[in-house]
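Working notes, beginning with the structure itself.
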Amino acid sequence: MLTIRGVYDGKTIRPLPGEPLPKVEGEIEVQIVFLQPNPEMLRQWHEALGQLHRMREQMAPLQETIKDLIEADRVH
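Written out as C-alpha coordinates, the structure is:
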(Lines of atoms letter the chains of each structure in order from A and count residues from 1; the text may use other names and numbers.)
(Lines give C-alpha, C1' and ligand atoms only; values in the text may rest on other atoms or scores of the structure.)
Protein backbone atom coordinates (compact mmCIF):
# COMPACT_ATOMS: atom_id res chain seq x y z
CA MET A 1 0.00 0.00 0.00
CA LEU A 2 1.28 3.46 -0.85
CA THR A 3 0.34 6.59 1.01
CA ILE A 4 1.00 10.20 0.07
CA ARG A 5 -0.19 13.37 1.73
CA GLY A 6 -2.28 15.66 -0.40
CA VAL A 7 -4.75 18.52 -0.57
CA TYR A 8 -8.34 18.24 -1.78
CA ASP A 9 -9.82 21.43 -3.27
CA GLY A 10 -13.33 20.09 -3.82
CA LYS A 11 -12.54 18.73 -7.28
CA THR A 12 -8.99 17.43 -7.39
CA ILE A 13 -6.57 15.80 -4.99
CA ARG A 14 -3.00 17.02 -5.38
CA PRO A 15 0.14 15.97 -3.51
CA LEU A 16 1.55 18.45 -1.03
CA PRO A 17 4.49 20.49 -2.38
CA GLY A 18 7.68 18.53 -1.86
CA GLU A 19 5.84 15.27 -1.17
CA PRO A 20 7.85 12.48 -2.79
CA LEU A 21 5.75 10.51 -5.25
CA PRO A 22 6.32 6.78 -5.69
CA LYS A 23 7.08 5.37 -9.12
CA VAL A 24 3.82 4.55 -10.87
CA GLU A 25 3.70 0.92 -11.94
CA GLY A 26 0.06 0.85 -12.95
CA GLU A 27 -3.29 2.46 -12.36
CA ILE A 28 -6.27 1.41 -10.30
CA GLU A 29 -9.61 3.06 -9.76
CA VAL A 30 -10.18 4.40 -6.26
CA GLN A 31 -13.16 5.84 -4.47
CA ILE A 32 -12.80 8.35 -1.65
CA VAL A 33 -15.78 8.83 0.64
CA PHE A 34 -15.96 11.79 3.03
CA LEU A 35 -18.08 10.90 6.05
CA GLN A 36 -19.91 13.26 8.35
CA PRO A 37 -18.64 13.15 11.95
CA ASN A 38 -20.74 10.94 14.18
CA PRO A 39 -21.59 13.00 17.31
CA GLU A 40 -21.80 9.90 19.54
CA MET A 41 -18.40 8.64 18.40
CA LEU A 42 -16.89 12.11 18.95
CA ARG A 43 -18.35 12.20 22.47
CA GLN A 44 -16.93 8.77 23.27
CA TRP A 45 -13.54 9.79 21.86
CA HIS A 46 -13.49 12.93 24.02
CA GLU A 47 -14.43 10.90 27.11
CA ALA A 48 -11.68 8.34 26.43
CA LEU A 49 -9.14 11.10 25.83
CA GLY A 50 -10.15 12.79 29.09
CA GLN A 51 -9.77 9.51 30.96
CA LEU A 52 -6.29 9.00 29.49
CA HIS A 53 -5.28 12.51 30.57
CA ARG A 54 -6.56 11.89 34.10
CA MET A 55 -4.69 8.58 34.28
CA ARG A 56 -1.48 10.25 33.08
CA GLU A 57 -1.78 12.98 35.71
CA GLN A 58 -1.99 10.33 38.46
CA MET A 59 1.20 8.56 37.34
CA ALA A 60 4.50 9.34 39.02
CA PRO A 61 7.13 10.88 36.74
CA LEU A 62 9.53 8.44 35.11
CA GLN A 63 12.82 8.01 36.94
CA GLU A 64 14.74 7.75 33.66
CA THR A 65 14.50 9.47 30.31
CA ILE A 66 12.65 7.76 27.48
CA LYS A 67 15.95 7.55 25.58
CA ASP A 68 17.62 5.70 28.48
CA LEU A 69 14.68 3.29 28.76
CA ILE A 70 14.85 2.50 25.04
CA GLU A 71 18.61 1.96 25.14
CA ALA A 72 18.30 -0.28 28.22
CA ASP A 73 15.69 -2.38 26.42
CA ARG A 74 18.01 -2.80 23.42
CA VAL A 75 20.70 -4.26 25.68
CA HIS A 76 18.37 -6.99 26.99
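First residue of the sequence shown? That's 2 in our numbering, and the numbers climb one at a time after it. Ideal placement from N, C-alpha and C gives every residue a C-beta, glycine not left out. Quick caveat, the model's predicted, so the values are computed rather than measured.
Range covered by the alpha helix (DSSP H) that runs through residue i
| i | result |
| --- | --- |
| Pro40 | Pro40 to Gln59 |
| Val76 | Ile67 to Val76 |
Own chain residues within Cβ distance below 6 Å of residue i, not counting five before or after
| i | result |
| --- | --- |
| Arg79 | With the chain covering only 2 through 77, there is no way to say anything about residue 79. |
| Lys24 | none |
Span of the beta strand (DSSP E), counted from its first residue to its last, around residue i
| i | result |
| --- | --- |
| Val34 | Premise fails: Val34 is in no beta strand (DSSP E) and is neither H nor E. |
For residue i, three-class secondary structure by DSSP
| i | result |
| --- | --- |
| Pro16 | strand |
| Val8 | strand |
Whole-number beta carbon distance between residue j and residue i, since they are thought to touch under 8 Å
| i | j | result |
| --- | --- | --- |
| Glu28 | Ile5 | That pair is no contact at about 15 Å. |
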